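Novice:
In our numbering, the protein residues as written are 1041 to 1179.
#1: What is the C-beta distance between residue 1117 and residue 1065, in whole angstroms, given that I count them as a contact (C-beta under 8 Å)?
#2: Going by beta carbon distance, what residues of the same chain come within less than 6 Å of residue 1143, once the five residues before and after it are set aside?
#3: Taking the alpha carbon of residue 1169 as the reference point, which residue from 1103, 1120, 1095 has its own alpha carbon closest?
#4: Leaving out five residues before and five after residue 1145 in sequence, what residues of the same chain have Cβ atoms less than 8 Å from its Cβ?
#5: Can you tell me where the beta strand (DSSP E) with residue 1130 in it begins and where it stops?
#6: Going straight from the alpha carbon of residue 1075 to that of residue 1086, what length do you get?
#7: What separation, rounded to the nearest whole angstrom, lies between the Cα atoms of residue 1081 and residue 1127?
#8: I believe residue 1063 touches residue 1125 by the beta-carbon criterion, under 8 Å. Please report the beta-carbon distance rounded to the nearest angstrom.
#9: How is the alpha helix (DSSP H) around residue 1149 delimited, first residue to last?
#10: With residue 1085 as the anchor, note down where its beta strand (DSSP E) starts and where it stops.
#11: Do you know how far the Cα of residue 1130 is from the Cα of residue 1019?
#12: Just verifying my parser: in three-state terms, what is the DSSP assignment at residue 1105?
#13: Using the beta-carbon count (16 or more within 10 Å), is residue 1171 buried or exposed?
#14: In or out: residue 1150 buried (at least 16 other Cβ within 10 Å) or exposed?
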């Protein structure tokens, strides 16, 4: 077992350390937040397939009690690539979006770089963005 660990750990570090060193910080500023109770949950998706099937690449929740002037800043480390973000204003802290009888969301939500113009979920391409190496991106 010791020999296995001696061989595997260096290999894992060899592949993981370069990925960590390539990570870029994404500064996400969320505005227009209603109320101060509950959480804001940010979901990061890497592809259209993942977005359509709700398979998050990364999920980060922050308490709305940290609001400053009805906005909040969240920093996320991501390696260069194409992503999209969704934000869910989880007022009741149950981790799920509440809908009315017609299927319209009853809690706040938002998408990266996208203004909702119709009552239809946008496609990945409509609100995706690309992070390049050495970029600082504010959304």
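Backbone N, C-alpha and C fix where the C-beta goes; we use that ideal spot for every residue, glycine too. Owing to the predicted nature of the structure, the values given are computational and were not obtained by experimental measurement.
Specialist: In short, the structure shows the following:
#1: 6 Å
#2: For residue 1143, where only same-chain residues beyond five positions count, there are no Cβ hits under 6 Å.
#3: Checked all of 1103, 1120, 1095; the closest Cα to residue 1169 is 1120.
#4: Apart from the 5 residues on each side of it in sequence, residue 1145 sits with its Cβ closer than 8 Å to the Cβ of 1137, 1138, 1139 in its chain, given in chain order.
#5: 1121-1130
#6: 30 Å
#7: 6 Å
#8: Contact between residue 1063 and residue 1125 does not hold, since the beta-carbon distance rounds to 16 Å and is not under 8 Å.
#9: Counting along the chain, residue 1149 falls outside any alpha helix (DSSP H), though it belongs to the beta strand (DSSP E) covering 1149-1151.
#10: 1079-1085
#11: No statement about residue 1019 is possible, as the shown extent of the chain runs from 1041 to 1179 and does not include it.
#12: helix
#13: Per the 10 Å Cβ criterion, buried.
#14: Buried: at least 16 other Cβ atoms inside 10 Å.
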